[in-house]
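Residue 110 is where the sequence shown starts when you use this note's numbering, and the numbers rise one by one after that.
Note that the Cβ used here is the ideal one computed from N, Cα and C, for glycine as well.
Everything below concerns the one structure shown next.
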Amino acid sequence: MTAAADLVLTNAEVHTLGSPDETHEAVAVRDGEVVRVGRTFDVELLAGVETRVVDCGGRVVLPGFIDAHTHLPMVGRSIVHADLSEAGSAAEAVELLRERAAEVERETEGGDGGTGDGIGGDETDWVLGYGYDESRWDESRYLTRDDLDAVSESRPVVAFREDLHTAGVNSVVLDRYADELPDEGVRTAGSDGDGDDAGDPTGIVVEGAVDVLREATEPGRAEMAELVRAAQSYATARGVTGVHDMVRGSRAPEVYRDLADAGELALRVRINYWSDHLDALREVGLRTNHGGGSRGDLVTVGAIKTFTDGSFGGRTAKLTEPYADAAADPDAADDETGQWVVAPEELRDLVADADESGYQLTAHAIGDAAVDAVLDAYEETDDPGAARHRVEHVELASDEAIERFADSGVVASVQPNFLKWADEGGLYDARLGERRLRTNRYRDLLDAGVDLAFGSDCMPLGPLLGVDLATDHPNPDQSLTVTEALRAYTSGAAYAGFDEGRLGTVAVGTAADLVVLDESPWETDSIRDVPVSMTVVDGRVVFERD
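Structure representation (structure tokens):
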């Protein structure tokens, strides 16, 4: 006798997103696995006394979204600290930080902080904000020391730009960390009449200096658990069932496992460890794809992660040709083409070392020179396609680079929500000029046969926003179909994590990771605004809209 299902979704439009994409009426789930897909009449036969049966009322059911590039604790930080993503000006960002400073003051007076387990050993000290994007402001400029001194002259204040490659700090931070901030990461004033004495720090810091502040404000175990809980609630409400989290010097890995052991982890987590952790991972015997093989095991070891260059926002992404607005910020980089965060020689050594030990590699590369450098390093390994080595972002790539992706089998892990900067008059236009229309070449990559995985980099986290933007690219020649974009956020991301066949499609035998949408993304004018009704991970309902 066939065992009854745990969950049955009926009266739905179930898209398998396989090849081809098939549509069914219902799906049944048992023990975390899809056990039947088909007509409502047939699937309902698996319903028993204790089966939960959900009439979807014609809603769309898809495989759950896998965000192939996240920093999930950063989502939690924006929720817990000051969320600067909605600030429409520097003044609004400062006001949000003032409100956060008042909260910190109340928490201190109320005795809620100071456990020694939080930020920098004293979670009551810092005023933090995350996610500002000056490119959307009428006065497009970074937040400075003067702005943040107006927030507090006694507590350290940091406002992290959305890309996390640039931050603004107040005088307290500059004084406290004067000996630790690398000179090349601290912007200083020129003699251009901006009100500062020549050579004085402006409060704008980039790259290595930002790393110092990220380490100084890294949460302890208890606060990290709070951040992850907040972030996973945010993610599952947007249909995310799995993330590839990029982790560096963080308590997040142990917190993910703590939550999993307690039955509180609500999504699958593939941990891509920073190159700093390579020796430690080898020493304890953890390798790519350890964990995650059995039902209910939600935490998996992923790739070794590294940088190559910076960002367009900070003019630190490494290009082959100068920035269109290089003259506007002559101290922004080593030269007019950006800078290396990890030099090509160092990158090649790391890739060779990690690949020889059996690890998947994933490297941040935004500028075309950086993309070429990563491909150079990967092509020196035996079989980069079999290892599924990845390039993160691939924002500017030449025709030759796209051919090399296809020939080598290297995965392009890209973020379609970055297209919000590609419109005329936007950030890409300012930084790259006419090259803006040659960024994020999803159509060219897909047509060349490159494995394409979508993620968000949490800027912001939201798969349906990414699908919307990818299907309406500022360069129409690079737009994807809705089905193609959805696959990049499901089966494409699954492939990047060695999870094809188990995740990314709806079929008998696959893991029951599902999202239910109120409207069809194929039949709406605004995919980003389609509400998520329900999210299911490993057969368990982890989000359900009231």
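For residue j and residue i, the rounded distance between their alpha carbons
{"i": "leucine 554", "j": "glycine 197", "result": "34 Å"}
{"i": "leucine 573", "j": "arginine 168", "result": "16 Å"}
{"i": "alanine 597", "j": "aspartate 130", "result": "13 Å"}
{"i": "glycine 534", "j": "arginine 209", "result": "32 Å"}
{"i": "threonine 490", "j": "valine 460", "result": "8 Å"}
{"i": "leucine 387", "j": "glycine 394", "result": "11 Å"}
{"i": "alanine 539", "j": "glutamate 392", "result": "46 Å"}
{"i": "leucine 154", "j": "alanine 616", "result": "18 Å"}
{"i": "tyrosine 343", "j": "threonine 253", "result": "30 Å"}
{"i": "leucine 374", "j": "leucine 536", "result": "37 Å"}
{"i": "aspartate 247", "j": "arginine 637", "result": "25 Å"}
{"i": "tyrosine 604", "j": "glutamine 587", "result": "22 Å"}
{"i": "glycine 494", "j": "phenylalanine 269", "result": "35 Å"}
{"i": "alanine 156", "j": "glutamate 212", "result": "50 Å"}
{"i": "glutamate 327", "j": "tryptophan 530", "result": "29 Å"}
{"i": "glycine 358", "j": "valine 364", "result": "13 Å"}
{"i": "threonine 592", "j": "tyrosine 432", "result": "35 Å"}
{"i": "leucine 376", "j": "alanine 369", "result": "9 Å"}
{"i": "glycine 222", "j": "alanine 200", "result": "At glycine 222 the pLDDT is 45, less than 50, meaning the model places this residue with poor confidence and gives no usable figure here."}
{"i": "isoleucine 313", "j": "tryptophan 631", "result": "44 Å"}
{"i": "valine 136", "j": "valine 152", "result": "6 Å"}
{"i": "alanine 334", "j": "valine 645", "result": "22 Å"}
{"i": "valine 472", "j": "valine 281", "result": "Here the sequence assigns alanine to residue 472, which means valine is not the residue at that position. Those two C-alpha atoms are separated by around 34 Å."}
{"i": "leucine 118", "j": "valine 143", "result": "11 Å"}
{"i": "glycine 423", "j": "glutamate 455", "result": "22 Å"}
{"i": "proline 310", "j": "aspartate 492", "result": "47 Å"}
From the options, residue whose alpha carbon lies closest to that of residue i
{"i": "threonine 149", "options": "Gln341, Asp164, Val617", "result": "Asp164"}
{"i": "glycine 238", "options": "Thr580, Ser249, Ser194, Ser280", "result": "Ser194"}
{"i": "aspartate 434", "options": "Ser249, His190, Val213, Leu171", "result": "Ser249"}
{"i": "asparagine 526", "options": "Glu159, Val152, Asp247, Asp272", "result": "Asp272"}
{"i": "valine 337", "options": "Ser128, Asp140, Val189", "result": "Val189"}
{"i": "valine 236", "options": "Thr217, Arg264, Arg245", "result": "Arg264"}
{"i": "glutamate 50", "options": "Ala259, Pro583, Met568, Glu465", "result": "Residue 50 is absent from the model: the chain starts at 110 and stops at 655."}
{"i": "isoleucine 413", "options": "Phe421, Glu455, Ala371, Val356", "result": "Val356"}
{"i": "leucine 589", "options": "Arg550, Arg323, Gly277, Ala621", "result": "Arg550"}
{"i": "aspartate 234", "options": "Met568, Arg215, Glu243, Val295", "result": "Arg215"}
{"i": "glutamine 469", "options": "Asp140, Gly447, Arg330, Thr415", "result": "Thr415"}
{"i": "arginine 457", "options": "Ala112, Tyr487, Ala474", "result": "Tyr487"}
Counted within 10 angstroms of its Cβ, other Cβ atoms place residue i as buried (16 or more) or exposed
{"i": "valine 378", "result": "buried"}
{"i": "alanine 659", "result": "Because the chain spans 110 through 655 in this model, residue 659 falls outside it and cannot be assessed."}
{"i": "arginine 654", "result": "exposed"}
{"i": "leucine 206", "result": "buried"}
{"i": "aspartate 560", "result": "buried"}
{"i": "glutamate 501", "result": "buried"}
{"i": "aspartate 647", "result": "buried"}
{"i": "serine 128", "result": "exposed"}
{"i": "serine 261", "result": "buried"}
Pair within 8 Å by beta-carbon distance, residue i and residue j
{"i": "valine 480", "j": "histidine 498", "result": "no"}
{"i": "glycine 557", "j": "phenylalanine 514", "result": "For the record, residue 557 in the displayed sequence is alanine; it is not glycine. Cβ atoms of alanine 557 and phenylalanine 514: closer than 8 Å."}
{"i": "glycine 348", "j": "valine 641", "result": "yes"}
{"i": "serine 629", "j": "aspartate 176", "result": "no"}
{"i": "leucine 623", "j": "valine 352", "result": "no"}
{"i": "threonine 417", "j": "tryptophan 449", "result": "yes"}
{"i": "valine 625", "j": "threonine 633", "result": "no"}
{"i": "histidine 274", "j": "threonine 429", "result": "no"}
{"i": "alanine 510", "j": "leucine 484", "result": "yes"}
{"i": "histidine 124", "j": "glycine 147", "result": "no"}
{"i": "threonine 548", "j": "leucine 505", "result": "yes"}
{"i": "leucine 126", "j": "leucine 171", "result": "yes"}
{"i": "glycine 294", "j": "valine 278", "result": "no"}
{"i": "phenylalanine 652", "j": "threonine 345", "result": "yes"}
{"i": "cysteine 567", "j": "valine 184", "result": "yes"}
{"i": "alanine 276", "j": "leucine 322", "result": "yes"}
C-beta neighbour in chain C for residue i, strict 8 Å
{"i": "aspartate 627", "result": "No chain C is present in this structure, which holds just one protein chain."}
**Message:** Any contact between the region 384-398 and the region 409-419? By contact I mean 3 or more CB pairs, one from each, below 8 Å.
**Reply:** yes
**Item:** At least three beta-carbon pairs within less than 8 Å, the region 564-579 to the region 606-614
**Value:** no
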